[in-house]
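Following: one structure in structure tokens, then a few remarks.
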Amino acid sequence: MTRKSAIVLGACVLLAACGTTHENTGAAGPSSAAKCGGPSGSYTIGMSQANVAEPYRQRMDDDIRAAAAAVPQFKVNFADAAQDNSKQVEQVDNFLTQQIDLLIISPNEATPLTAPVKRAFDKGIPVLVLDRKVDGDAYTEFIGADNVDIGRQAGQYFANVLLPQGGKIAEIRGLAGSTPAKERGDGFAQGIQGHNVQIVATQDGDWLRDKGQQQADAILKAHPDIQAIYSQNDPMAEGARIAAQNAGRADLPITGIDGLPIEAGGIKAVEAGRLSATFVYPTGGKEAIDAAKKILLDCQPVPKTQTLGTQLVTKANAAQVYATLNEGK
Amino acid sequence: MTAELTEAPPKRRDILAAVFRFQSLFGLVLVFLAAVVYSPSKNGELLFLDSGNLFNVVRSISEIGILAVGMTLVILIGGIDLSVGSVLGLASVGSAVLLVNNDLGVVPVVLAVLAIGLGFGLLQGVAVARFRIQAFIVTLAGMQIARGLARIWSGGQGITITYGDAPGQAPAVFSLLGERTFDGLVPIPALIFIVVAALAVLLLRVSSFSRHVYAIGGNEKAARLSGVPVNRVKVLVFGICGLLAALAGIVHAGQLNFGGPNDGAMYELDAIAAVVIGGTSLSGGRGSVVGTVAGALLVGVLRNILALNNVDSNVQLLIIGLVIVLAAGLQRLRPASVS
């Protein structure tokens, strides 16, 4: 940016800040304008991640890192809560001590993180909540995909494409007690409702490949007549594929969810034919940095909720989806 | 031997003994000073020394600290308790279910959950003492059992605690656990931790129970022969450890307004780390609660200063691992005569 355009932009920003009121400007509620220093400032963003052990969450961090690298005013501090609510509370507190300018958080669980997120928000720090929500509305914007909807689309794929005549299937679920496991399960049930698709076996695979294989082994022994497996994520689906092969059912259709655009991810697995389909669960990392730019650099309001759409990945479009999602990386 | 001849060596030994006895206190002071030196600052103010930040550190270690106090007793008798993290999870689920689904008051809920923890610990103690199964195995099983119970009791779902008078809501007083007192500065969990630690120090100072605990850890056979009620003390120690794990679970649920069936995973290892850094010998008989408290604080301060400097979380694991090894290494250097 040239100096002249910077001055012009700065002036516009100043005018805009004086002339408009933000929807969330109020006595109690903090204003995103309060933190907005325009494009000439420099900003520290705190990113609190529920855990980086899952490839999906590592990818979310990577997406944020890549998008922020294109914004010279941004510096992002990353923290990993290792699936521990208490630890994540501590991290948000540490970010507040550091006096960050904006908080991005992907909470491990909603309720435990509500209070610290509110503390940050009440201090006037804009908060972007990714993937999993917090309770109440003390945050600036929620960005995430809809697990129920993705589950529903997976169910519809079974009902309409894989088993239009109906049939028996098995479901391998994520970690019991985790919100996405419930939502992906509920959505799937809605998707197959009214069709003759019957879930004859349900087991928890804890999101893990080896656990997925182990559960699929047992399911295939107990129900050799199943015609497909719905797995709530790609790694468990890959495990189920190994089990199916060992059971002499190499052609058994298996679907996953996540569709991570990485070498070891679900899209490549679909391309290689190991999975029949997967559903992209977008990380929202890039969208979060876009929102941060709007708030901190452009002094613009952002919507309270941004729902990210999913995408069905089959062999037909896998290569193209992979390329699109990795653009600019 | 004359007095003059022996005067010098015991003195040196006394100093050495003090250093080893309070190795974690010295370590804590060192880490604290390093944290001040390496503290990032904003507007000329050291962020680490900000009182809010210092209390954040104490709050963040309070649950692990409560577990570690119980763990110290168990390790002093030469045992180990791997179940405390799962018992914490069970207690947090239990608190939430009883408050929300069963609509009980805070006092009966706290008593019931503490009783569950105590009972769980006592049972493990009986298995260790009466049936002579190794503590490692008993509590390894206990860890799975408590986790399973937590998942079953919660129906596999985390339970959100909301406050109010309506049915299904918890009395607001329970939410105090997540709050701060003295001008919104001192977190309640930190106070509970301090009280627990103080009571444990007292217990290990004045009672015959203390002598029994150290005697069993030092040499069980000798303790038995000299009339120490070994089995009873063992059962009691595991009971106390379970009780404290349940207390930590109650604090956990109150702080987070949530009972999570998967919560507390790996906390047992953090608690053991605090005990080891605190200078308590894993073979039993040597160590102190004060050391454990200092050990827990040391880890908390270290984690805090690393986080404030944005050290990568994986590197943080590495550094804390090295500190554990260092602490255990110091133990081996300790002269046999110093205890």
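Chains as they are written, first to last, in this note's numbering: chain A, 1 to 329; chain B, 1001 to 1339. All C-beta atoms, glycine included, are put in the ideal place defined by N, C-alpha and C.
Check	Outcome
Taking the DSSP output, what are the residues bridged to A:V197?	A:G167
Does the region 1244-1260 of chain B come into contact with the region 1124-1140 of chain B, if we say contact requires no fewer than three beta-carbon pairs (one atom in each stretch) closer than 8 Å?	no
Would A:A331 and A:A201 be called neighbours here (beta carbons separated by less than 8 Å)?	No information on residue 331 of chain A is available, as it lies outside the stretch 1 to 329 that chain A covers here.
Output the distance between the C-alpha atoms of B:L1176 and B:N1314, rounded to the nearest integer angstrom.	34 Å
Which bits of chain A does B:T1181 rub up against, with CB to CB less than 9 Å?	Within 9 Å Cβ-Cβ: nothing; B:T1181 doesn't reach chain A, min ~16 Å.
Using beta-carbon positions only, say whether A:K284 and A:G194 come within less than 8 Å of one another.	It should be noted that the sequence gives Gly, not Lys, for residue 284 of chain A. Going by C-beta atoms, A:G284 is not nearer than 8 Å to A:G194.
Ordered along the chain, which non-local residues of its own chain (more than five positions away) have a Cβ less than 8 Å from that of A:I150?	R184, G187, I257, F279, Y281 and T310
What in chain B is Cβ-close to A:N317, meaning under 9 Å?	Within 9 Å Cβ-Cβ: nothing; A:N317 doesn't reach chain B, min ~35 Å.
On the premise that B:L1049 lies in contact with B:V1036, defined as a C-beta separation below 8 Å, what is that separation, rounded to the nearest angstrom?	6 Å
Counting only Cβ pairs nearer than 8 Å, list the residues of chain A close to B:V1151.	The displayed chain sequence assigns Arg, not Val, to residue 1151 of chain B. A176 and G177, listed in chain order.
Counting contacts by CB-CB distance shorter than 8 Å, is A:A28 in contact with chain B?	Low local confidence applies: a pLDDT of 38 at A:A28 is under 50, so the model's placement there is unreliable, and no value is given.
Suppose you measure from the CA of A:A216 to the CA of A:P235; what does that come to, to the nearest Å?	12 Å
Provide the residue(s) that pair with A:L130 in DSSP beta bridges, ordered along the chain.	A:I143
With DSSP run on the structure shown, which of helix, strand or coil describes A:T283?	coil
With 8 Å set as the bound, which would you pick, yes or no: does the beta-carbon of B:S1060 sit closer than that to a beta-carbon of chain A?	yes
Should B:L1322 go down as buried or exposed, given a rule of 16 or more other Cβ atoms within 10 Å for buried?	exposed
Could you have a look at A:E109 and say whether DSSP puts it in helix, strand or coil?	coil
Is the distance from the Cβ of A:L220 to the Cβ of A:A181 below 8 Å?	no
In the DSSP assignment, the alpha helix (DSSP H) including A:Y322 goes from what residue to what residue?	A318 to L325
Select from B:A1246, B:G1105 and B:A1273 the residue whose C-alpha is nearest the C-alpha of B:L1317.	B:A1273
Label A:G41 either buried or exposed according to how many other C-beta atoms from any shown protein chain fall within 10 Å of its C-beta, with 16 as the threshold for buried.	exposed
Roughly how many angstroms lie between the CA atoms of B:V1196 and B:N1043, to the nearest whole one?	38 Å
Identify every residue that forms a DSSP beta bridge with A:K75.	A:T44
Measure the C-alpha to C-alpha separation of A:P116 and B:L1302 and round it to an integer number of angstroms.	22 Å
Assess contact between the region 67-82 of chain A and the region 40-55 of chain A, defined as three or more Cβ pairs (one per stretch) separated by less than 8 Å. Is contact present?	yes
What does B:T1160 reach in chain A if we use C-beta pairs closer than 8 Å?	A110, T111 and D135
With DSSP as the reference, identify every bridge partner of B:E1045, one or two as the case may be.	B:K1042
Buried or exposed: where does A:H223 fall if 16 or more other Cβ atoms within 10 Å of its Cβ makes it buried?	exposed
Considering only residues of the same chain and omitting the five flanking positions on each side of B:P1167, which have a CB-CB separation below 7 Å?	D1103
In the DSSP assignment, find the alpha helix (DSSP H) that holds A:I350 and state where it starts and stops.	What the structure shows of chain A is the stretch from 1 to 329, and residue 350 of chain A is not part of that stretch, so it cannot be assessed.
Between B:V1323 and chain A, is there a C-beta pair that is closer than 8 Å?	no
Compare the C-beta of B:F1174 with all C-beta atoms of chain A and state if any pair is closer than 8 Å.	no
Mind checking B:T1006: buried by the 16 CB within 10 Å criterion, or exposed?	In this prediction, B:T1006 scores a pLDDT of 45, lower than 50, which makes its location untrustworthy; no coordinate-derived value is stated.
Between which two residues does the beta strand (DSSP E) containing B:V1280 stretch?	Inspection of the sequence shows that residue 1280 of chain B is occupied by Thr rather than by Val. B:T1280 -> no beta strand (DSSP E), and no H or E assigned at all.
I'd like to know if the region 1057-1070 of chain B and the region 1287-1296 of chain B are in contact, where contact means that at least 3 CB-CB pairs between them fall below 8 Å.	yes
DSSP three-state call for A:Q49: helix, strand or coil?	strand
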